[in-house]
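So the protein lines, in turn, are chains A and B. With our numbering, the residue at position 57 of the first sequence is 107, and numbering never jumps. With our numbering, the residue at position 63 of the second sequence is 113, and numbering never jumps. A virtual CB, placed ideally from N, CA and C, is assigned to each residue, including glycine.
Number of protein chains: 2
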Amino acid sequence: MINNFIYRNPTKILFGKGQIKHLSKEISTYGKKILLLYGGGSIKKNGLYDEIYSQLKDFEIFELGGVEPNPRVSTARKAIEIIRKNNIDFLLAAGGGSTVDCAKLISVGTYYDGDPWDIVKKKYFPEKALPFGDILTLAATGSEMNPGSVITNIETEEKIGWSSPLAYPKFSILDPVYTFTVPLSQTVNGIVDTMSHMIEQYFNAEHNPVMDGLIESSLKTVMKYAPLVLESPHNYDIRAVLMMSATIGLNYSLSWGTMGDWATHGIEHAVSAVYDIAHAEGLSIIMPNWLLYILPKDILRVKQFAINVMDVNPEEKSDEEIGKEGILKLQSYWKSLGAPTHLSEVGIDSTNIKKMAEIATDRPVLGSVYNLTKNDVINILKSSL
Amino acid sequence: MINNFIYRNPTKILFGKGQIKHLSKEISTYGKKILLLYGGGSIKKNGLYDEIYSQLKDFEIFELGGVEPNPRVSTARKAIEIIRKNNIDFLLAAGGGSTVDCAKLISVGTYYDGDPWDIVKKKYFPEKALPFGDILTLAATGSEMNPGSVITNIETEEKIGWSSPLAYPKFSILDPVYTFTVPLSQTVNGIVDTMSHMIEQYFNAEHNPVMDGLIESSLKTVMKYAPLVLESPHNYDIRAVLMMSATIGLNYSLSWGTMGDWATHGIEHAVSAVYDIAHAEGLSIIMPNWLLYILPKDILRVKQFAINVMDVNPEEKSDEEIGKEGILKLQSYWKSLGAPTHLSEVGIDSTNIKKMAEIATDRPVLGSVYNLTKNDVINILKSSL
């Protein structure tokens, strides 16, 4: 069934080798005073930091480094203070999805008198935003071409997704060369993240055949190229395929008129709010177990996924067997890349399962297609041990 | 190989049943005086004309009907006169791709003192545009989400494609219900148009695997649903699949970093500049013959198309045989929908072949991947008789 939808994505993508040459021109429409936001300093190691300064000689640059892998509201608060104090015109995020996510909250938080956490908690809806752009160094979250962001509050032990129509980057520079030096484990995290976004969107209630086809082909392309990057991390074309796929994976061109399930993301946010594991580690562990859990509820959809994405040969098998084989193939595929598939591999035991299930279900609905109760989450987490 | 590219598509898509309810709000940011542009009057028959007036009670509406199926520069001139005389704020196109194409030239021609034909001939590059939006009544050209347009000049016997970064619609209302009453022959034309856009983009030199996958799956979805619309022209979901596919077919999300060939379109424009046939009729006739002509030049690419799109079973066949089978399958598929596959079917004989070949090759390059000479075009047209 095809649902109504409204789609507009104003972000300008500058993709490819050397596209940083456009940086100064892209920013110049917005002003001369820039806040450069970055993470743990990998941009200093790979030369991007110096390149930014050399491109932006005519601008006045302020800086805030140290954005966390799970970006914190406290960092956004710090940045907003710098912006206000110095009348900054433009925010430039250089880094991975975390840095871009943090930039989004800074952007809309700048013109809000209250605490930016109110925006994350949907207590205040922004009406104005500081323009921002990014230079991406990691293929993963898709944040570079969408208005969504995930922010962590350490004090309240919450990790929450939010979005605003004002939070699209003005531009995103996607140069695959910046991803050459990303460690393999983080590269794999990015691949799992990309794939899980596509899978979340695939498990929708509408079954729009146009979107089905786009997602199936996108997943198959990622799965073909992912193992190659482990052999040749400096291969431009392979890195480019993965970077482009990550962007398409969550710029909502794969969900026209559909609403994905997103329960796995909900559960994972609860896990990584309690344990400091990488988002994608949680995803590769939970998603196959979530799929096994929903299999009896929607055998035909899982079967379609198994055949069209995981290339399961359906001959002489029941629908359930086909579905199960597809899920296990996904799990062993991720395992073959080196991603964890059990909570024990990342040091998590059963101690906090109930707590995590409570956090995950502390929202109106967990799983917009296959609604999960606290008990469901406990079962999924138990089967993930 | 992945090429560099810059992508930004600012058009807002409002897709689905009843989305016209947003019309007044979408226009209100731009002003109160509107020029309503439409074609041969089908919008009066299907109720859209009355619906527009009922939605826009608070606006002052001027009108220009009669936009031709191959929209003419003379019509754009007329519209620009009305706009200037009455200080129009916003242009609303209601109709198919022709009406939208015409609106684009009117939009950028409004602020140019010279003749709008200069813009089509790339003698003047617009710097300002009257904002415009559209309500689409035909799934075909993709004009509703791109900045391109094709305009005909009857005096000079020219039909030329042009584009401008300023020529994106501000919004496009895509309600599949408006396409229910499109006659089946025109519906088939729309399907051929959609598919040929995808095929033109598929035959590129870069072979970007992400784009390959997206195009292959998009083509397969269209080919699955096209025969169904002939049985059930009032089925919402089928019409919706075709409408959405037409938009995706040419909003350039299928050509990130690739440049399609577009020779078939070049040849077709020459044919329909001389003979008044529908654009899609020319395409369904020429494209398979063009494919057969380039087959020896790029056997592996045609082979990939044959296997991945046309489902040719490659076993025990040479690459050439596989490619040829795929092309002939495409041709008989179009024939099965009722589309013409020979020039004789639309009343064209060999008389003007040389003339058409001259018009088609009167440009720097015809076919950006497989460059064609005048002699090549003559051969392709001869094999299309």
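Cross-chain neighbours of B/Glu266 in chain A, by beta carbon under 8 Å: To locate residue 266 of chain B, count along the second sequence from 1; it is residue 216. Per Cβ cutoff of 8 Å: Ser267.
Residue from B/Asp151, B/Asp399, B/Asn137, B/Ile133 with nearest C-alpha to B/Val117: The residue labelled residue 117 of chain B in the question sits at position 67 within the second sequence. Minimum Cα distance to B/Val117 is reached at B/Asp151.
Quick check: what's the CA-CA separation for B/Gly316 versus B/Tyr162? Looking up residue 316 of chain B in the second sequence gives position 266. Looking up residue 162 of chain B in the second sequence gives position 112. B/Gly316 and B/Tyr162 have their C-alpha atoms spaced approximately 27 Å apart.
What does a CB cutoff of less than 6 Å around A/Leu342 pick up in its chain, not counting 5 residues either side in sequence? Working through the first sequence from its first residue, we reach residue 342 of chain A at position 292. Ile377, listed in sequence order.
Just curious, the alpha helix (DSSP H) that A/Ile398 is in, first and last residue? Along the first sequence, read from residue 1 onward, the residue named residue 398 of chain A stands at position 348. Counting along the chain, A/Ile398 falls outside any alpha helix (DSSP H), and DSSP gives it neither H nor E.
Measure the beta-carbon distance from A/Met309 to A/Pro226 and round it to whole angstroms, keeping in mind my assumption that it falls under 8 Å. Your numbering for residue 309 of chain A matches position 259 in the first sequence. Your numbering for residue 226 of chain A matches position 176 in the first sequence. Not a contact, Cβ separation roughly 31 Å.
Quick check on DSSP: helix, strand or coil for B/Tyr57? In the second sequence, residue 57 of chain B corresponds to position 7, counting from 1. Shown here, B/Tyr57 sits in a strand according to DSSP, grouped into three states.
Just mark A/Glu366 as buried or exposed, buried being the case when its beta carbon has 16 or more other beta carbons within 10 Å. Translated into positions along the first sequence, residue 366 of chain A becomes position 316. With fewer than 16 other Cβ atoms from the protein chains shown falling within 10 Å of its own Cβ, A/Glu366 counts as exposed.
Thinking just about the alpha-carbon of each residue, which of B/Leu380, B/Ser74, B/Ile169 is nearest to the one in B/Pro215? Taking the second sequence and counting its residues from 1, the one referred to as residue 215 of chain B is at position 165. Nearest option by C-alpha distance: B/Ile169.
Under a CB-based cut-off of 8 Å, is B/Ile204 close to chain A? In the second sequence, the residue the question calls residue 204 of chain B occupies position 154. For B/Ile204, not one C-beta of chain A is nearer than 8 Å to its own C-beta.
What residue range does the beta strand (DSSP E) around A/Glu318 cover? Start at 1 with the first residue of the first sequence, and residue 318 of chain A comes out as number 268. Where A/Glu318 is concerned, there is no enclosing beta strand (DSSP E), although the alpha helix (DSSP H) it sits in stretches over 313-324.
Please list the partners that A/Gly263 has in chain B, where partner means a Cβ-to-Cβ separation under 7 Å. As a working note, residue 263 of chain A is residue 213 in the first sequence. Result: Ser267, Ser268, Lys270, Thr271.
Could you check where the beta strand (DSSP E) with B/Gly240 kicks off and where it finishes? As a first step, residue 240 of chain B must be located in the second sequence, where it is residue number 190. Counting along the chain, B/Gly240 falls outside any beta strand (DSSP E), though it belongs to the alpha helix (DSSP H) covering 234-252.
Under 9 Å between beta-carbons, which chain A residues line up against B/Ile298? List them in chain order, please. In the second sequence, the residue the question calls residue 298 of chain B occupies position 248. B/Ile298 reaches chain A at Val260, Leu264, Ser303, Trp306, counting residues in chain order whose Cβ is nearer than 9 Å.
If we count the other Cβ atoms within 10 Å of its Cβ and call it buried at 16 or more, is A/Lys374 buried or exposed? The residue you call residue 374 of chain A lines up with position 324 of the first sequence. With 16 or more other Cβ atoms inside 10 Å of its own Cβ, A/Lys374 counts as buried.
Just checking: is the beta-carbon of A/Ser214 within a distance shorter than 8 Å of some beta-carbon in chain B? The residue you call residue 214 of chain A lines up with position 164 of the first sequence. Cβ-Cβ to chain B under 8 Å: no for A/Ser214.
Spatial neighbours of B/Phe109 within its chain, please: CB distance less than 8 Å, with the 5 preceding and 5 following residues excluded, ordered by chain position. Sequence index remark: in the second sequence, residue 109 of chain B carries index 59 (1-based). For B/Phe109, where only same-chain residues beyond five positions count, the Cβ hits under 8 Å are Ser74, Ile77, Lys82, Lys83, Ile84.
Give the DSSP-derived three-state secondary structure of A/Asn203 in the structure shown. For the purposes of this step, residue 203 of chain A is taken as residue 153 along the first sequence, with counting starting at 1. Three-state result, A/Asn203: strand.
State the Cα-Cα distance for the pair A/Leu304 and B/Ser303, rounded to the nearest angstrom. In the first sequence, residue 304 of chain A corresponds to position 254, counting from 1. In the second sequence, residue 303 of chain B corresponds to position 253, counting from 1. Distance between the alpha carbons of A/Leu304 and B/Ser303: 11 Å.
Which value, in whole angstroms, describes the spacing of the CA atoms of A/Met273 and B/Val419? Position 223 of the first sequence holds residue 273 of chain A. Position 369 of the second sequence holds residue 419 of chain B. Going from the Cα of A/Met273 to the Cα of B/Val419 covers about 29 Å.
A/Ile111 lies in the beta strand (DSSP E); which residues open and close that run? Indexing the first sequence from 1 puts residue 111 of chain A at position 61. That run of the beta strand (DSSP E) goes 110-114.
Chain B contacts made by the segment 369-402 of chain A, where a contact means CB separation under 9 Å: Listed by position along the chain: nothing, the set is empty.
7 Å Cβ shell around B/Leu114 - same chain, five flanking residues per side excluded: Numbered from its first residue, the second sequence carries residue 114 of chain B at position 64. Hits under 7 Å: Leu85, Leu87, Lys128, Ala129, Ile132.
Return no unless some Cβ of chain B is closer than 8 Å to the Cβ of A/Gln105. Numbered from 1 along the first sequence, position 55 holds the residue referred to as residue 105 of chain A. Proximity of A/Gln105 to chain B, defined by a Cβ-Cβ separation below 8 Å, is not satisfied.
Just grab the DSSP bridge partners of A/Gly211 for me. Here residue 211 of chain A refers to the residue found at position 161 when the first sequence is read from its first residue. According to the DSSP secondary-structure assignment, A/Gly211 is paired through a beta bridge with A/Val200.
Is B/Val260 closer than 8 Å to A/Ile298 when the C-beta atoms are compared? For the purposes of this step, residue 298 of chain A is taken as residue 248 along the first sequence, with counting starting at 1. For the purposes of this step, residue 260 of chain B is taken as residue 210 along the second sequence, with counting starting at 1. At a Cβ-Cβ threshold of 8 Å, A/Ile298 and B/Val260 count as neighbours.
Closer than 8 Å to chain B by CB, A/Val232: Walking along the first sequence from the start, residue 232 of chain A turns up at place 182. Output row for A/Val232: interface = no.
Once the 5 residues before and after B/Lys385 are set aside, which same chain residues still bring their CB inside 7 Å of it? In the second sequence, the residue the question calls residue 385 of chain B occupies position 335. Correct list, in chain order: Thr391.
Cross-chain neighbours of A/Ile63 in chain B, by beta carbon under 9 Å: Along the first sequence, read from residue 1 onward, the residue named residue 63 of chain A stands at position 13. Annotation: Cβ neighbours of A/Ile63 in chain B (cutoff 9 Å, chain order): Phe55, Ile56, Tyr57, Arg58, Trp306.
Using CA coordinates, which residue listed in B/Gly90, B/Tyr99, B/Trp167 is at the minimum distance from B/Glu205? Along the second sequence, read from residue 1 onward, the residue named residue 205 of chain B stands at position 155. Of the candidates B/Gly90, B/Tyr99, B/Trp167, the one whose C-alpha sits nearest the C-alpha of B/Glu205 is B/Trp167.
So is A/Ile52 in contact with chain B if we call contact Cβ pairs under 8 Å? Here the question's residue 52 of chain A lines up with position 2 in the first sequence. It does; some Cβ of chain B falls within 8 Å.
The alpha helix (DSSP H) spanning A/Tyr286 covers which residue range? By one-based count along the first sequence, residue 286 of chain A stands at place 236. Note, A/Tyr286: alpha helix (DSSP H), 286-299.
Range covered by the beta strand (DSSP E) that runs through B/Asp426: Reading the second sequence from its first residue, position 376 is the one you call residue 426 of chain B. Unbroken run through B/Asp426 is the alpha helix (DSSP H), 424-433; no beta strand (DSSP E).
Among A/Val324, A/Ala143, A/Lys353, A/Lys62, which has the Cα closest to the Cα of A/Ile403? Counting from 1 along the first sequence, the entry for residue 403 of chain A is found at position 353. Taking only the C-alpha atoms, the option nearest A/Ile403 is A/Val324.
Going by alpha carbons, who is nearest to B/Asp184 out of B/Tyr174, B/Ser246, B/Ala143? Here residue 184 of chain B corresponds to residue number 134 of the second sequence, with the count starting at 1. Distance check between B/Asp184 and each of B/Tyr174, B/Ser246, B/Ala143 places B/Ala143 closest, using alpha-carbon atoms only.
Could you compute how far the alpha carbon of A/Leu106 sits from the alpha carbon of A/Leu224? On the first sequence, position 56 is the one that residue 106 of chain A refers to. On the first sequence, position 174 is the one that residue 224 of chain A refers to. Take the alpha-carbon of A/Leu106 and the one of A/Leu224: they are about 18 Å apart.
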